[in-house]
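**Q**
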Amino acid sequence: MKKENVEQQAPDMLDEYDFSNGIRGKYADRFDDFTILVKLDNDVARMFPNAKAVNEALRALGKIIAQHQPKAD
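Number 420 in the numbering used here belongs to position 8 of the sequence shown; there are no gaps in the numbering.
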């Protein structure tokens, strides 16, 4: 018995949307890097002028934490 090819459409997709000329994975390389977005509270965000400053502060904090971790035997 052959299964019938039934196209199921997402309920929020309109009939006007045409993906027939779309290219699968065209923009996938943008997401290759490991990226985590974090929303900072306003009071914290005011402490940092940009993302680079946040990353530098977190790296420094990471080093401090690592120095105070008990050494594994």
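C-beta atoms are modelled at their ideal positions from N, C-alpha and C, and glycine is treated no differently.
Keep in mind it's a predicted model, so treat the numbers as computed, not measured.
Can you grab the Cα-Cα spacing for the pair Tyr439 / Lys483, in whole Å?
**A** Taking the straight line from one Cα to the other gives about 44 Å.
**Q** Keeping to the same chain, check which residues put their C-beta closer than 8 Å to that of Val466; ignore five residues upstream and five downstream.
**A** Within the same chain, Val466 has close Cβ partners Leu452, Phe460.
**Q** With distances taken Cα to Cα, identify the nearest neighbour of Ile448 among Val456, Gly437, Ala463.
**A** Comparing Cα positions, the closest option is Ala463.
**Q** Where does Val450 sit, in a helix, a strand or coil, going by DSSP?
**A** If DSSP states are grouped into helix, strand and coil, Val450 belongs with coil.
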